[in-house]
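*Asks:*
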Ligand code: 5GP
Ligand code: MG
Ligand code: MG
């Protein structure tokens with residue numbers, strides 16, 4: 507799909523290569539452990555689907571829903587849990603999968619929330635991070651790409667709920 511106003515940042519091939527590398531590392535690191543891979547909806551859905559297929563372990567999957575943005579391109583800083591996990595994570599190794607860590611506020615909220623449930627471990631995998639905008643430090647153990655301070659869409663990421671179905675990551679020009 508080619509769209510006016512959207513400039514390709516990372517194409518399908520680049521994304522697939524990076525996701526494959528992350529899957530290999532995760533497979534190695536969680537060998538012999540009971541791993542639950544938790545996707546943060548909706549933005550991570552495409553990344554999540556590709557990533558779990560690159561993990562060669564008998565994992566479980568679950569999802570969390572959060573809302574933090576509305577139709578805007580800047581974080582409100584207010585995070586709302588719109589849907590919770592379907593199973594307890596106590597004693598399990600949890601890998602939280604996000605589309606993007608921008609200010610870090612959403613991830614901080616989620617990590618604090620999940621930590622109260624006493625998982626055996628809790629780590630973050632994010633497709634993207636925007637270092638220029640980070641306000642709270644988040645350790646991203648598995649990172650896809652570091653990106654400049656631009657508003658990105660595609661590969662699951664939206665602007666006002668559109669563009670999620672693009673297979674590539676693009677910069678929405680004039681959005682920031
Ligand atoms: P944070 O709380 O880290 O500032 O923001 C995290 C959430 O904001 C992400 O999960 C994502 O939904 C949204 N977000 C931040 N930057 C972008 C961006 O460049 N593009 C899109 N589509 N969403 C973004
Ligand atoms: Mg997200
Ligand atoms: Mg969004």
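Numbering (my numbering), first residue to last: 507 to 682.
All residues carry an ideal CB built from backbone N, CA and C; glycine is no exception.
Note that the structure is a prediction, hence the values are computed from the model and not measured.
1. Please identify the residue among 641, 600, 598 whose C-alpha is closest to the C-alpha of residue 607.
2. Using a Cβ-Cβ cutoff of less than 6 Å, which residues in the same chain neighbour residue 673 once the five nearest sequence positions on both sides are dropped?
3. Under the criterion of a Cβ to heavy atom distance below 7 Å, does residue 551 qualify as lining ligand 1?
4. Let me know if residue 589 comes out buried or exposed under the rule of 16 or more other beta-carbons within 10 Å of its beta-carbon.
5. Following the continuous alpha helix (DSSP H) through residue 529, name the residue where it begins and the one where it ends.
6. Report yes or no: do three or more beta-carbon pairs, one from the stretch 539-547 and one from the stretch 601-620, lie closer than 8 Å?
7. Three or more C-beta pairs closer than 8 Å, one from the stretch 553-563 and one from the stretch 614-621: is that the case here?
8. Below 8 Å between beta carbons: does that hold for residue 650 and residue 509?
9. What runs of the beta strand (DSSP E), each 3 residues or longer, lie entirely inside the stretch 579-621?
10. Less than 7 Å between C-beta atoms, sequence neighbours within five positions excluded: which residues of the same chain meet that for residue 552?
*Replies:* On the basis of the supplied data:
1. Against the chain shown, residue 607 aligns to sequence position 101. Of the listed residues, the one whose Cα sits closest to residue 607 is 641.
2. Taking the first residue of the chain shown as position 1, residue 673 is located at position 167. Same-chain partners within the cutoff: 518.
3. As a first step, residue 551 is located in the chain shown; it is residue number 45 there, counting from the start. No, the Cβ of residue 551 stays beyond 7 Å of every heavy atom of ligand 1.
4. The residue given as residue 589 occupies position 83 in the chain shown. Counting Cβ neighbours within 10 Å, residue 589 comes out exposed, since fewer than 16 surround it.
5. To locate residue 529, count along the chain shown from 1; it is residue 23. Residues 518-535.
6. yes
7. no
8. For the purposes of this step, residue 650 is taken as residue 144 along the chain shown, with counting starting at 1. For the purposes of this step, residue 509 is taken as residue 3 along the chain shown, with counting starting at 1. For residue 650 and residue 509, no; Cβs fall outside 8 Å.
9. 586-589, 599-607
10. For the purposes of this step, residue 552 is identified with residue 46 of the chain shown, where counting begins at 1. Here the set comprises 661, 662.
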